[in-house]
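Enquirer: Quick one: the structure is below, and I'll ask about it shortly.
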Amino acid sequence: MGTMYVLKAEILKFWYDLKRYKFNYLIGLLATFIFLTGIYRGVTSSSEESGNATTFIGLILWIFAARCISDASDNLFEERYYGTIEQISVTRFSLPNIFMARFFVDLLFAVIRIFFIGLPMFILFSPKIGIFFTTLENSIITTIVIISIIITLYGFGLLLAALGFMFLRIGSFSSVFQYLILFFSGIVIPYESMPQPLRAFSNLLPMGLGIRVLSGIEKNMLLFKEILLTILYSILIFTVAVITFKKSVRHVKQTGKYSAY
Amino acid sequence: MEGSRNLYGYLPGRINLLYFAYLHKISKKTAEKRIDELLELMGIKDFQNDYVMDYSSGMQKKLSISLCLLTEPSVVFLDEPLSALDVIAAEEITNIIKNIVKEKHVTFIIASHRMDFVEKVTDRVVWLKNGRIVRKGSTHELKSLTAKQMYEVYLRSNDSVEKVLSKEKVEWEKMAAGIIKCKCPSENRSLLQRLICLNEFISVEKVERDFETIFKEEYGNNVRSES
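Residue numbers (my numbering), protein chains in the order written: chain A, 2 to 262; chain B, 3 to 229.
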């Protein structure tokens, strides 16, 4: 029941932010639509190996990726900038809980964004995404993989924010991560055509393994090892991120740099 | 409350309070009632729907104090509540704090460099220097403890008078129309007598020193007051 309060608070805050900056949000949607449409068109017309459906789902997931990776560090930056970090820290909710609720609200908004970007793209290109949901097995695996990818992405974001507590400007690296994920997760460049060292790097990226599983489903192959690794990787990253975040908070509180900006 | 850096500039004043009320698990009904009362008390109800970034510093401070009172606390910590305020806004905040103490029986623990403000609003004062307590007590006690009587002696300026004053190492300044104002501590009675006996003597006045002057004389500038 108590969780409802933090969610209500974050929905309220987000709603007023949206009301004030609605024009910026609309332009952002348009810009992302143009960017993703261009990439999709380029990838599907030049590469026969990349499946249209995986590319489509991958690009849609990348919208989540961009949000997940930068969410926690953006929030931390904003709280420190406004000086509100100490104020929210003396409330009835811990900082990770507030950030988590904020992430949940942002995620809901990301779903709306995906609808507004994904639907016109779907109408325009008609990718055969039905393949992921033809059987119950495929549907379950696809859902699990998508959830695992989102958890891994947020874990990476939280890890970045944890480091941001100690190294103030590290948050700016979130955009670098976003583009590494876009280009080296197998969405744009197919995993099979990557050189060996790049494959290892791709596996370490939050979406790499998941995209391979989805690509496998599209080719009627169930990559069980990859499915298991995707789930384990998400649990590992998220656990490490939460522990690191809590330790960073304790460290900066002890050193008096909690609200440093 | 640290200055007024505890508000979201892009949210309206009322929504800032409602947001923090939810984070304190206060129900919407109770929160709305308290917010109405607090905005009324602070005199910013007419601006509740304006964005905080458009508020003046004084209004932001008032909203920050409202935020602190939202949970009906018995103790509130304020860090430099008068920073970046003009004289009128500073007086308003001073009166608001005094009223809250009287009406809501809230204890304020204030960190401030503004001794005039400290003198007006506090019952007890602690002076800190390099993180250590150098004096503490009731505001009245501290003032009387540290108060040394001071006389201001006015003399006609000439070379011999200036020589005497320079030799005695007392604080003095040349004023308009060839008059010298000299500050003479009451314990230096012999000097006071000698100055009064000079032919150049014009008048002498006993000076009441305020809290800020005492503070500066005792500890210089690197001291802060926690009250």
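C-beta: ideal position from N, C-alpha, C; glycine also.
Predicted model, so just to flag it, every value in this text is computed and none were measured.
Under 8 angstroms between C-beta atoms, does residue 17/B make it to chain C?
Expert: Any reference to chain C falls outside this structure, whose protein chains are A and B.
Enquirer: Could you spell out where the beta strand (DSSP E) holding residue 109/B opens and where it closes?
Expert: 109-114 is the extent of the beta strand (DSSP E) around residue 109/B.
Enquirer: Tell me, please, which residues DSSP counts as bridged to residue 155/B.
Expert: According to DSSP, which records beta bridges pairwise, residue 155/B is partnered with 184/B, 206/B.
Enquirer: Would residue 142/A be called buried (16 or more neighbouring beta carbons within 10 Å of its own) or exposed?
Expert: It is buried - the Cβ of residue 142/A has at least 16 other Cβ atoms within 10 Å.
Enquirer: Run through chain B and tell me which residues come within less than 8 angstroms of residue 7/A, C-beta to C-beta.
Expert: By Cβ distance, chain B contributes 24, 25.
Enquirer: What residue from 167/A, 181/A, 200/A has the CA that sits closest to residue 246/A's CA?
Expert: Nearest of 167/A, 181/A, 200/A to residue 246/A, Cα basis: 167/A.
Enquirer: Under three-state DSSP, which class holds residue 218/A?
Expert: Residue state, collapsed to three classes: helix.
Enquirer: Nearest CA to the CA of residue 153/B: which residue from 191/B, 145/B, 121/B, 120/B?
Expert: Residue 153/B has its Cα closest to that of 191/B, out of 191/B, 145/B, 121/B, 120/B.
Enquirer: How long is the line joining the alpha carbons of residue 50/A and residue 200/A, rounded to whole angstroms?
Expert: Any reading at residue 50/A needs caution, since the residue's pLDDT is 48, under 50, leaving its predicted position unreliable; the model's value is listed next. About 16 angstroms.
Enquirer: Rounded to whole angstroms, what's the CA-CA distance from residue 133/B to residue 112/B? Just pull it up for me.
Expert: Roughly 15 angstroms separates the two Cα atoms.
Enquirer: Nearest chain B C-beta to residue 18/A closer than 8 angstroms, yes or no?
Expert: At least one chain B Cβ lies under 8 angstroms of residue 18/A.
Enquirer: Is residue 257/A helix, strand or coil when you go by DSSP?
Expert: Here residue 257/A sits in coil by DSSP.
Enquirer: Anything in chain B within Cβ reach of residue 13/A, meaning under 9 angstroms, just list it in chain order.
Expert: Result: 13, 17, 20, 21, 24.
Enquirer: Could you have a look at residue 189/B and say whether DSSP puts it in helix, strand or coil?
Expert: In the structure shown, residue 189/B sits in coil (DSSP, three-state: anything other than H, G, I, E or B).
Enquirer: Return the residues of the stretch 234-258 of chain A that lie within a Cβ-Cβ distance of less than 9 angstroms from chain B, sorted by chain order.
Expert: So nothing in the stretch comes that close.
Enquirer: Which word fits residue 205/A, buried or exposed, when buried means at least 16 other C-beta atoms lie within 10 angstroms of its C-beta?
Expert: Burial call: exposed.
Enquirer: If you run the structure through DSSP and keep just helix, strand and coil, what is residue 14/B?
Expert: If DSSP states are grouped into helix, strand and coil, residue 14/B belongs with the strands.
Enquirer: On the three-state DSSP scale, how would you describe residue 190/A?
Expert: Residue 190/A falls in the coil class under three-state DSSP.
Enquirer: Answer yes or no: does any C-beta atom of chain B fall closer than 8 angstroms to that of residue 94/A?
Expert: Closer than 8 angstroms to some Cβ of chain B, the Cβ of residue 94/A qualifies, so yes.
Enquirer: Just the Cα atoms here: how many angstroms apart are residue 58/B and residue 128/A?
Expert: Rounded to whole angstroms, residue 58/B to residue 128/A spans 54 angstroms at the Cα level.
Enquirer: Just the Cα atoms here: how many angstroms apart are residue 57/A and residue 109/A?
Expert: So the two alpha carbons sit approximately 20 angstroms from each other.
Enquirer: Which complete alpha helix (DSSP H) runs does the stretch 69-131 of chain B hold, if anything under 4 residues is left out?
Expert: Complete alpha helix (DSSP H) runs here, min 4: 89-106, 117-123.
Enquirer: Does the stretch 19-38 of chain B come into contact with the stretch 13-21 of chain A, if we say contact requires no fewer than three beta-carbon pairs (one atom in each stretch) closer than 8 angstroms?
Expert: Enough Cβ pairs lie closer than 8 angstroms, so yes.
Enquirer: Under a CB-based cut-off of 8 angstroms, is residue 83/A close to chain B?
Expert: Judged by the 8 angstroms Cβ criterion, residue 83/A is in contact with chain B.
Enquirer: Can you list, in chain order, the residues of its chain whose CB lies under 8 angstroms from that of residue 126/B, leaving out five sequence neighbours each side?
Expert: 138, 139, 140, 141, 229, listed in sequence order.
Enquirer: Please list, in chain order, the chain B residues whose beta carbon lies closer than 7 angstroms to that of residue 21/A.
Expert: Going along chain B in sequence order, the residues near residue 21/A (Cβ under 7 angstroms) are 12.
Enquirer: Cα-Cα, which of 201/B, 114/B, 38/B, 122/B is closest to residue 131/B?
Expert: It is 114/B whose Cα lies nearest to the Cα of residue 131/B.
Enquirer: At least one CB of chain B closer than 8 angstroms to the CB of residue 3/A: is that the case?
Expert: Cβ-Cβ to chain B under 8 angstroms: yes for residue 3/A.
Enquirer: From residue 163/A to residue 172/A, what distance separates their C-alpha atoms?
Expert: Their Cα atoms are separated by approximately 10 angstroms.
Enquirer: Measure from the C-beta of residue 228/A to each C-beta in chain B and report whether the shortest distance is under 8 angstroms.
Expert: False, the Cβ-Cβ gap to chain B never drops below 8 angstroms.
Enquirer: Within 8 angstroms (strictly less), CB to CB, does residue 51/B reach chain A?
Expert: Chain A contact via Cβ: absent.
Enquirer: Where does residue 53/B fall in DSSP's three states?
Expert: Strand.
Enquirer: Less than 8 angstroms between the C-beta atoms of residue 65/B and residue 54/B, yes or no?
Expert: Yes.
Enquirer: Should the stretch 219-230 of chain A be called in touch with the stretch 186-195 of chain A, which here means at least 3 C-beta pairs below 8 angstroms?
Expert: Result no; under three Cβ-Cβ pairs closer than 8 angstroms.
Enquirer: Considering only the alpha carbon of each residue, which of 189/A, 53/A, 233/A lies closest to residue 126/A?
Expert: Residue 126/A has its Cα closest to that of 53/A, out of 189/A, 53/A, 233/A.
Enquirer: Hey, quick one: how far does the alpha helix (DSSP H) through residue 175/A stretch, first residue to last?
Expert: Run containing residue 175/A: 175-185, per the alpha helix (DSSP H) assignment.
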